Amino acid sequence: ARTVNSELRKEDPDIAYALEFNHINGHDGRFPYMAQMRDWWGLSKRNSQTWLLTQQLGGTSTLHTDNLDYEKRYLIFCTGWQPGQWWWFDGETYTGWNIGTVIDYDFTRPHATANASEFARTLMQITHKLK
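Start counting the sequence shown at 387; every next residue gets the next number (the numbering used here).
If you want it as structure tokens, here you go:
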């Protein structure tokens with residue numbers, strides 16, 4: 387499904403595709419390695435949310451901050467970096483990640499991403515919600 391990050395940003399040209407990947411979504415048997423990667427964090431099944439997010443060529447997430455009720459958010463790259471893919475975190479451009487690279491960042495601070503390569507970029511976003 388195409389994602390819309392929030393009601394405030396629904397007019398932004400963000401392009402990404404998401405698959406909800408929580409314990410209750412029934413995907414664990416089809417993607418056991420992904421389920422193990424998600425569960426490795428030991429987060430509460432009730433107070434966490436997991437998504438697989440894919441950006442195709444032209445995929446973007448414009449500069450924004452997340453004002454969500456969550457305690458912590460991690461990104462785990464499921465595909466390796468390709469030229470033309472980048473993240474922007476609080477004034478710094480980030481490239482060169484490997485499969486399995488984990489980003490631990492305060493997503494209430496400014497961030498953005500884009501994919502200008504010919505390859506899809508997929509990551510797992512794990513959010514631990516406040517109780």
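Backbone N, C-alpha and C define an ideal beta-carbon position, used for all residues, glycine too. Just so you know, these numbers come straight off a predicted model, no measurement behind them.
Status (buried if at least 16 other CB within 10 Å, exposed otherwise) for residue i
i: asparagine 501; result: buried
i: arginine 495; result: exposed
i: leucine 509; result: buried
i: leucine 449; result: exposed
i: threonine 499; result: buried
i: isoleucine 512; result: buried
i: glutamine 441; result: buried
i: glycine 477; result: exposed
i: leucine 461; result: buried
i: cysteine 445; result: It should be noted that the sequence gives glycine, not cysteine, for residue 445. By the 10 Å Cβ count, glycine 445 comes out buried.
i: glutamine 471; result: buried
i: leucine 443; result: exposed
Enclosing beta strand (DSSP E) for residue i [first to last residue]
i: arginine 495; result: Taken as a continuous stretch (DSSP letters only), arginine 495 belongs to no beta strand (DSSP E), as it is neither H nor E.
Where residue i sits in the DSSP three-state scheme
i: arginine 388; result: At arginine 388 the pLDDT is 43, less than 50, meaning the model places this residue with poor confidence; the figure from the coordinates comes in the next sentence. Strand.
i: glutamine 468; result: coil
i: glutamine 442; result: coil
i: arginine 395; result: Note on arginine 395: pLDDT 47, under 50, position unreliable in the model; the coordinate value appears next. If DSSP states are grouped into helix, strand and coil, arginine 395 belongs with the helices.
i: phenylalanine 505; result: coil
Per DSSP, cross-strand counterpart(s) of residue i
i: tryptophan 474; result: Thr479 and Ala498
i: methionine 510; result: Leu438 and Ile462
i: proline 447; result: What sits at residue 447 in the sequence shown is serine, not proline. Serine 447 pairs with Thr499.
i: glutamate 406; result: Trp437
Residue i beta carbon near the ligand FMN (any heavy atom closer than 6 Å)
i: tyrosine 460; result: Annotation note on the ligand FMN: not contained in the displayed structure, which lists no ligands.
Nearest-angstrom Cβ-Cβ length linking residue i and residue j, presumed shorter than 8 Å
i: tryptophan 483; j: phenylalanine 463; result: 5 Å
i: tryptophan 467; j: threonine 451; result: Not quite, the Cβ-Cβ distance comes to about 24 Å (not below 8 Å), so this is no contact.
i: proline 469; j: serine 503; result: 6 Å
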